[in-house]
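Novice:
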Amino acid sequence: MGIVLKQSFLNTVILFLGFAIGGVNVMFLYTHFLHEDYFGLITFLLSTANILLPLLVFGMHHTVVKYFSSYTSKQEQDTFLMSSVLLPLLIIIPAAFLGMFFYETIANLISTKNILIKNYTWLIFFVAIFMGYFEVFYAWTKVRFKSVFGGFIKEVFARLCTSILLFAVYFNWINSEQFIYGVVIVYALRVIIMKLYAFYIYMPTISFKLPSNVKELVSFSLYIIIAGSAASVLLEIDKFMIPQVEKIAEVAYYSVGIYIASVVAIPTRAMQQITSPITAKDMNENNIVEVEKLYKQTSINLLVIGGLFFLLINLNISDLYEIINKPQFTKGIWIVLIISVAKLMELAMGTANSILVNSKYYKIFFYLSLAMALTVILLNHWLIKAVGINGAALATLIVVVVYGFIKIVYINYKFKISPFKPETVKLLLILTVVFFSFYFLNINLNPFFTIIIKSILISVIYLFLVKSLNISKDLNELFFNFIKNKKS
Numbered sequence: 001m002g003i004v005l006k007q008s009f010l011n012t013v014i015l016f017l018g019f020a021i022g023g024v025n026v027m028f029l030y031t032h033f034l035h036e037d038y039f040g041l042i043t044f045l046l047s048t049a050n051i052l053l054p055l056l057v058f059g060m061h062h063t064v065v066k067y068f069s070s071y072t073s074k075q076e077q078d079t080f081l082m083s084s085v086l087l088p089l090l091i092i093i094p095a096a097f098l099g100m101f102f103y104e105t106i107a108n109l110i111s112t113k114n115i116l117i118k119n120y121t122w123l124i125f126f127v128a129i130f131m132g133y134f135e136v137f138y139a140w141t142k143v144r145f146k147s148v149f150g151g152f153i154k155e156v157f158a159r160l161c162t163s164i165l166l167f168a169v170y171f172n173w174i175n176s177e178q179f180i181y182g183v184v185i186v187y188a189l190r191v192i193i194m195k196l197y198a199f200y201i202y203m204p205t206i207s208f209k210l211p212s213n214v215k216e217l218v219s220f221s222l223y224i225i226i227a228g229s230a231a232s233v234l235l236e237i238d239k240f241m242i243p244q245v246e247k248i249a250e251v252a253y254y255s256v257g258i259y260i261a262s263v264v265a266i267p268t269r270a271m272q273q274i275t276s277p278i279t280a281k282d283m284n285e286n287n288i289v290e291v292e293k294l295y296k297q298t299s300i301n302l303l304v305i306g307g308l309f310f311l312l313i314n315l316n317i318s319d320l321y322e323i324i325n326k327p328q329f330t331k332g333i334w335i336v337l338i339i340s341v342a343k344l345m346e347l348a349m350g351t352a353n354s355i356l357v358n359s360k361y362y363k364i365f366f367y368l369s370l371a372m373a374l375t376v377i378l379l380n381h382w383l384i385k386a387v388g389i390n391g392a393a394l395a396t397l398i399v400v401v402v403y404g405f406i407k408i409v410y411i412n413y414k415f416k417i418s419p420f421k422p423e424t425v426k427l428l429l430i431l432t433v434v435f436f437s438f439y440f441l442n443i444n445l446n447p448f449f450t451i452i453i454k455s456i457l458i459s460v461i462y463l464f465l466v467k468s469l470n471i472s473k474d475l476n477e478l479f480f481n482f483i484k485n486k487k488s
């Protein structure tokens, strides 16, 4: 667990920095510097690009993580890595021609409710390519257990550049339309930097040969394309479907709530950068003992950290929106609670998705992901019409909880392993008690000071209970070593 904790810690720091910058962007700069329609538009464009990403890069960012460790010679590894760059062109080039031919039809279809979308539809394709190849080159570094720099470029660089662009809008150096194109250029720069770093970490010999197991790779990639697209649908379809029913400004209100809630998922995003290739390696070696050990450790550790974020966010949410000082954005308050509960479920799953994707049962991940995507589309269509943007959040929660439970049961059936321990129940009780103890507490001070006071009280009580009940041995040991080093 040493390399996992070390790189996960660095990735967590980077994610925190990225989320801090992104938080300033989403809650203050976007809301005050950019018109709500353009805030909704850029969110729509990026979300739609994310949905297309797995298809356009042929799922190669997942294929690299799964198969790289199975090759033993440098020649095989080089051939494989070069294939991960070239094979996506078999989809990108035909898709480009189809996109040009049917552009008007596509643009008119997705801009029926909001005509502003039409003139920017073509940007979705290019952003999806930039995002996709970034993930492919990022995967090159992950399999070398060098995930920190890529994490920085992914989480910090793009958000910092966006901050600069938003200030440029504020000072009238650029207008809202130029801001949209500026963000696209940032994503292009991001993939160029990631490519250069990937070649710095590992420079493969250029080869146009196909790997010996190309049929197996293509088979896996075809499944993972749909599975990856389905996973992207689960994450992004709400922001795509809201403009088809509501005004595009509603996406802006929804995005703020989603962003705040997504802080709960910081630990799992950080840890996955290093646990995914480790799980792939253990699965390739059929080392189920180590797979189970990591499965349980990640589940409880992620729940402990994510649980604290859950409490801090939801018990301070009213004061946080008061600081934002944009009354129309308070529509997202319930979205924060709903989505953060969904994120807790994802944390509890630990490395479940990595186990499924990197096992011989990876096809079930495809079927489950496809079912999740179809379910969330249907639920979004129904619930957004019924209760507005809160319905989109409810759709996500229902799908995450139901299919998360199915995945855990399936893994237990096939491998006889579970992410849960007795400490999991204790932790859930701690979360429940602390949440309801502070939920009705009102401190009539300036919202900024109220957040500080409540956060200190919540953190002290929560961490004291977690440590006293020995919920996580890993985190207790980390805390002990930290105190020991401080004293020495």
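Residues 1 to 488 (full-length UniProt numbering) are what the sequence shown spells out, left to right.
By construction, the Cβ of each residue, glycine as well, lies at the ideal position given by its N, Cα and C atoms.
Quick caveat, the model's predicted, so the values are computed rather than measured.
Here's the rule I'm using: 16 or more other beta-carbon atoms within 10 Å means buried, otherwise exposed. How should Glu177 be labelled?
Specialist: Looking at its Cβ environment, which holds fewer than 16 other Cβ atoms inside 10 Å, Glu177 is exposed.
Novice: Can at least three beta-carbon pairs, one atom from the segment 109-128 and one from the segment 156-170, be found at a separation below 8 angstroms?
Specialist: They do not touch, by the three-pair rule.
Novice: Measuring only the C-alpha atoms, how far is Ala20 from Ser455?
Specialist: If you take the alpha carbons of Ala20 and Ser455, they lie about 17 angstroms apart.
Novice: Is the segment 335-349 touching the segment 244-264 in the sense that three or more CB pairs, one from each, lie closer than 8 angstroms?
Specialist: Yes, since at least three Cβ pairs between the segment 244-264 and the segment 335-349 fall closer than 8 angstroms, the two stretches touch.
Novice: If you measure between the beta carbons of Ala49 and Ile124, is that distance less than 8 angstroms?
Specialist: In contact: Ala49 and Ile124 (Cβ atoms closer than 8 angstroms).
Novice: Is it the case that the Cβ atoms of Ile51 and Ser232 are separated by a distance below 8 angstroms?
Specialist: Yes, they are a contact pair.
Novice: To the nearest angstrom, how far is it from the Cα of Ala139 to the Cα of Ser69?
Specialist: Rounded to whole angstroms, Ala139 to Ser69 spans 12 angstroms at the Cα level.
Novice: Output yes or no for whether 8 angstroms exceeds the beta carbon distance between Lys414 and Tyr361.
Specialist: Cβ atoms of Lys414 and Tyr361: closer than 8 angstroms.
Novice: Measure the beta-carbon distance from Leu53 to Met131 and round it to whole angstroms, keeping in mind my assumption that it falls under 8 angstroms.
Specialist: Yes, Leu53 and Met131 are in contact; Cβ-Cβ is about 5 angstroms, under 8 angstroms.
Novice: Note down, one range per segment and in chain order, each alpha helix (DSSP H) of at least 4 residues found wholly within the segment 171-219.
Specialist: Runs found: 176-201.
Novice: Thinking C-beta only, is Ile278 closer than 8 angstroms to Ile180?
Specialist: Against a cut-off of 8 angstroms, the Cβ pair of Ile278 and Ile180 comes out as no contact.
Novice: Just verifying my parser: in three-state terms, what is the DSSP assignment at Gly59?
Specialist: Gly59 falls in the coil class under three-state DSSP.
Novice: How far does the alpha helix (DSSP H) with Tyr403 in it reach, from first residue to last?
Specialist: Note, Tyr403: alpha helix (DSSP H), Ile389 to Phe415.
Novice: Cα separation between Lys473 and Arg144?
Specialist: For Lys473 and Arg144, the distance between alpha carbons rounds to 28 angstroms.
Novice: Run through DSSP, which three-state label would Lys473 get?
Specialist: Of the three classes helix, strand and coil, the one that applies to Lys473 here is helix, per DSSP.
Novice: To which residues of the same chain is Leu222 closer than 8 angstroms at the C-beta, ignoring the five residues directly before and after it?
Specialist: Closer than 8 angstroms at the Cβ level, and outside the excluded window around Leu222, lie Gly59.
Novice: With DSSP collapsed to three states, give me the class of Ser468.
Specialist: Looking at Ser468 - three-state DSSP - the assignment turns out to be helix.
Novice: Just the C-alpha distance for Phe134 and Leu311, rounded to the nearest angstrom, thanks.
Specialist: For Phe134 and Leu311, the distance between alpha carbons rounds to 34 angstroms.
Novice: If Ser253 sits next to Ile389, beta carbons under 8 angstroms apart, how far is it from one beta carbon to the other, in whole angstroms?
Specialist: Looking at the sequence provided, one finds Tyr at residue 253 rather than Ser. 6 angstroms between Cβ atoms; contact.
Novice: Of the residues Leu347, Ser84 and Ile443, which one's Cα is nearest the Cα of Phe220?
Specialist: Out of Leu347, Ser84 and Ile443, Ser84 has the C-alpha closest to the C-alpha of Phe220.
Novice: Figure out for me which residue from Ala128, Thr351, Gly307 and Val245 has the closest Cα to the Cα of Lys293.
Specialist: It is Thr351 whose Cα lies nearest to the Cα of Lys293.
Novice: Nearest-angstrom Cα distance between Leu463 and Cys161?
Specialist: One C-alpha to the other measures close to 36 angstroms.
Novice: Which residues mark the beginning and the end of the alpha helix (DSSP H) in which His32 is found?
Specialist: Tyr30 to Phe33 is the extent of the alpha helix (DSSP H) around His32.
Novice: Thinking Val183 and Phe126 are a contact (beta carbons under 8 angstroms), I'd like their distance in whole angstroms, please.
Specialist: Going by Cβ atoms, the distance from Val183 to Phe126 rounds to 11 angstroms, so no, they are not a contact pair.
Novice: What ranges does the alpha helix (DSSP H) occupy inside the segment 282-317, keeping only unbroken runs of at least 4 residues that lie completely in it?
Specialist: Fully enclosed alpha helix (DSSP H) runs of 4 or longer: 288-314.
Novice: Look at the alpha carbon of Tyr197 and the alpha carbon of Ile225, and state the distance between them as a whole number of angstroms.
Specialist: Computed Cα separation, rounded: 25 angstroms.
Novice: With a Cβ-Cβ cutoff of 8 angstroms, do Met82 and Ser207 count as a contact?
Specialist: Cβ atoms of Met82 and Ser207: closer than 8 angstroms.
Novice: In this structure, does DSSP put Ser232 in helix, strand or coil?
Specialist: In this structure, Ser232 counts as helix in the three-state DSSP scheme.
Novice: Where does Pro267 fall in DSSP's three states?
Specialist: Correct three-state label for Pro267: helix.
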